[in-house]
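For reference, the structure is listed below as structure tokens.
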Amino acid sequence: MSYDLHGKWDLGNDWLDPVLNSHTNLTEITNALDLIWSKNVPSHKVVHGLACYARTCSDEVGILLNSEISDIMDEQQISSTFDKDAAVKILKFNTNQWLTYDNGDTLKLKTDFARSECLGGVMVWLCLTTCHRETFILYPI
Numbered sequence: 001m002s003y004d005l006h007g008k009w010d011l012g013n014d015w016l017d018p019v020l021n022s023h024t025n026l027t028e029i030t031n032a033l034d035l036i037w038s039k040n041v042p043s044h045k046v047v048h049g050l051a052c053y054a055r056t057c058s059d060e061v062g063i064l065l066n067s068e069i070s071d072i073m074d075e076q077q078i079s080s081t082f083d084k085d086a087a088v089k090i091l092k093f094n095t096n097q098w099l100t101y102d103n104g105d106t107l108k109l110k111t112d113f114a115r116s117e118c119l120g121g122v123m124v125w126l127c128l129t130t131c132h133r134e135t136f137i138l139y140p141i
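Under UniProt numbering, think of the first position of the sequence shown as 1, with each following residue one higher.
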């Protein structure tokens with residue numbers, strides 16, 4: 001599973017820095033794969049999981065669908081930033097909310113990564129979370 005790497009459950013974890021972390025960080029996914037490769041697991045037996053939703057870093061339970069993220073950006077006339085190393089989009093909104101998510105561009109980076117590692121494929125968790133807008137439609141792999 002290469003999504004839900006971080007979330008509210010990280011709060012109070014002595015092993016993590018007190019910072020906000022992306023739940024689909026490609027750097028951490030690469031590190032996790034290095035552990036798998038160290039045990040000689042064939043790459044074609046590993047499937048890369050993709051997420052089309054975000055986990056917020058607030059007291060709210062649940063997730064935001066990509067379509068909801070689009071609505072927030074439209075309503076507040078804001079845009080996200082790109083974290084190149086993590087291969088995620090970052091959105092700050094409502095003065096105190098922060099989330100990371102994947103869109104078509106970051107999902108393409110992650111599918112390209114899966115291809116470059118000769119992984120067995122990719123899968124999308126909860127396809128119903130894909131958005132009604134073109135920017136969140138998955139690239140063909």
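Where is the CB? At the ideal position from N, CA and C, for every residue including glycine.
Rounded to whole angstroms, the gap between the alpha carbons of Pro42 and Thr111 is 18 Å.
Counted as a single uninterrupted DSSP element, the alpha helix (DSSP H) harbouring Gln76 occupies residues 66-76. Around the Cβ of Cys118, a 10 Å sphere holds fewer than 16 other Cβ atoms; the residue is exposed. For Val122, the closest of Lys45, Glu68, Asp34 by C-alpha to C-alpha distance is Lys45. The segment 25-43 makes no contact with the segment 68-78: fewer than 3 CB pairs, one atom from each, lie closer than 8 Å. In the DSSP assignment, Leu50 falls within the unbroken beta strand (DSSP E) covering 47-51. Per DSSP, Lys108 is one residue of the alpha helix (DSSP H) stretching across 104-116.
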